Amino acid sequence: MLTYSKEVERALKSNQPVVALESTIIAHGLPYPENLKLAAELEEIVHSLGATPATIGLIDGEPVIGLNQEQLELMAQGEHIHKVSVRDLAIAKAKKLHGATTVASTAYLAAQAGIPVFATGGLGGVHRDAKETYDISADLLSLTETPLIVVSSGVKSILDIGATLEYLETASIPVVGYRTNRFPGFYVQDSGYSLDWSIDSPKEAAAIFHAQREMQNNNALLVANPVPEEYALDAITHEQILRESLTELNNQGIHGKKVTPFLLKYFKEKTQGESLTTNLELVKSNVRLASQIAIAIKEKE
Ligand code: PSU
Ligand code: MN
Numbered sequence: 004m005l006t007y008s009k010e011v012e013r014a015l016k017s018n019q020p021v022v023a024l025e026s027t028i029i030a031h032g033l034p035y036p037e038n039l040k041l042a043a044e045l046e047e048i049v050h051s052l053g054a055t056p057a058t059i060g061l062i063d064g065e066p067v068i069g070l071n072q073e074q075l076e077l078m079a080q081g082e083h084i085h086k087v088s089v090r091d092l093a094i095a096k097a098k099k100l101h102g103a104t105t106v107a108s109t110a111y112l113a114a115q116a117g118i119p120v121f122a123t124g125g126l127g128g129v130h131r132d133a134k135e136t137y138d139i140s141a142d143l144l145s146l147t148e149t150p151l152i153v154v155s156s157g158v159k160s161i162l163d164i165g166a167t168l169e170y171l172e173t174a175s176i177p178v179v180g181y182r183t184n185r186f187p188g189f190y191v192q193d194s195g196y197s198l199d200w201s202i203d204s205p206k207e208a209a210a211i212f213h214a215q216r217e218m219q220n221n222n223a224l225l226v227a228n229p230v231p232e233e234y235a236l237d238a239i240t241h242e243q244i245l246r247e248s249l250t251e252l253n254n255q256g257i258h259g260k261k262v263t264p265f266l267l268k269y270f271k272e273k274t275q276g277e278s279l280t281t282n283l284e285l286v287k288s289n290v291r292l293a294s295q296i297a298i299a300i301k302e303k304e
């Protein structure tokens, strides 16, 4: 049912470490051409650490595990690329549409492909007005029944972080901080919330992954990796722009899948591009860690 690139197919068959990457961040999270440059850099990082990258997306409706250069370019120029969550997969397939996969649909497809690690920027979560709008990202629910590790810099700071952590607890998705017991806030290192657990090495993440499988637990493990300090946004500036952006969102009546891309773009404009650098750097750092974890998982098998 899935289409694999030669490289990814070979790596999976020979039980080599593979890291899944999503395409919504390319098509809808970052501007062109920085997005295309990042897509290439991420694959390079995975390769340089000794693992195989598998960027996932839909081409003519078919899930592709390991997009090639031409397909990545298609995603990067993607005004006409659909943002495809899990529920959209079958529709996109039937309609033969090109689509970028979110964290939710990437995790779903990566799990089917047997890829144990997936890196992204920041997860979607419970939006601040969810009490009225019910806007809770499918990213959260998708982490149940996907036996893999997701490495992210927490969830996007534009969300209701406390409610998102409660949701993860209810859904029984374990969350561990990487070398921290503060939950990261995407653009900032500390979201203001603490975590019960932290880990100090890729090896420890691998040990939890194997323990989950031994216990027949099919939920994901969320490894929360804070943005490197030198790239974090200043907390006060961040708070101020956040407040403005939410008002603007309301004024313009933006909702549904447009919310996250709007907020990311708003931050970029208000910080004169600084938030874009932050976003690029945190993703790279997550991909580095994910590669090390993918290798540690294979060493332990
Ligand atoms: N992380 C980033 N940038 C992004 C995303 C994650 O650094 O653009 C994307 C992911 O694909 C995630 C999506 O699944 O944002 C969440 O969208 P929503 O809130 O509409 O579920
Ligand atoms: Mn949403």
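Numbering (my numbering), first residue to last: 4 to 304. Note that CB positions come from ideal geometry on N, CA and C, so glycine has one too. Keep in mind that this is a model prediction, so the values were computed, not measured.
Outcome for residue i when other beta-carbon atoms lying within 10 angstroms are tallied against a minimum of 16
| i | result |
| --- | --- |
| Y190 | buried |
| D163 | buried |
| T250 | exposed |
| I244 | buried |
| E25 | buried |
| I239 | exposed |
| S197 | exposed |
| A113 | buried |
| E148 | exposed |
| Q72 | exposed |
| Q115 | exposed |
| R13 | exposed |
| D142 | buried |
| D91 | buried |
| D237 | exposed |
| P66 | buried |
| Q219 | exposed |
Residue i beta carbon near the ligand PSU (any heavy atom closer than 7 angstroms)
| i | result |
| --- | --- |
| E25 | yes |
| A107 | yes |
| G125 | yes |
| V286 | yes |
| I176 | no |
| N282 | yes |
| L279 | no |
Between the CA atoms of residue j and residue i - distance to the nearest angstrom
| i | j | result |
| --- | --- | --- |
| D199 | E232 | 22 angstroms |
| Y269 | V230 | 20 angstroms |
| A235 | G276 | 13 angstroms |
| F212 | L70 | 26 angstroms |
| R216 | H258 | 38 angstroms |
| P187 | G125 | 9 angstroms |
| A79 | N38 | 6 angstroms |
| A30 | H101 | 11 angstroms |
| S278 | G157 | 16 angstroms |
| E169 | G128 | 11 angstroms |
| I202 | A293 | 14 angstroms |
| Q255 | P264 | 14 angstroms |
| G195 | S17 | 43 angstroms |
| L75 | M4 | 21 angstroms |
Which of helix, strand or coil DSSP assigns to residue i
| i | result |
| --- | --- |
| H258 | coil |
| L224 | strand |
| K86 | strand |
| Y196 | strand |
| R185 | strand |
| A209 | helix |
| S51 | helix |
Contact test: residue i Cβ vs the ligand MN heavy atom, cutoff 7 angstroms
| i | result |
| --- | --- |
| S17 | no |
| V262 | yes |
| S140 | yes |
| G259 | yes |
Residue i vs residue j beta-carbon contact at 8 angstroms
| i | j | result |
| --- | --- | --- |
| P177 | A299 | no |
| V120 | I152 | yes |
| V154 | I296 | yes |
| T104 | G60 | yes |
| A95 | V87 | yes |
| I161 | L266 | yes |
| V290 | V22 | yes |
| T223 | L146 | Per the sequence shown, residue 223 should be read as Ala rather than Thr. Result yes, Cβ atoms of A223 and L146 sit closer than 8 angstroms. |
| I118 | A57 | yes |
| S140 | I68 | no |
| L225 | L171 | yes |
| H130 | T136 | yes |
| P150 | N228 | no |
Any non-hydrogen atom of the ligand NAD closer than 7 angstroms to residue i Cβ
| i | result |
| --- | --- |
| N253 | For the ligand NAD, the structure offers nothing, since it holds only the ligand PSU and the ligand MN. |
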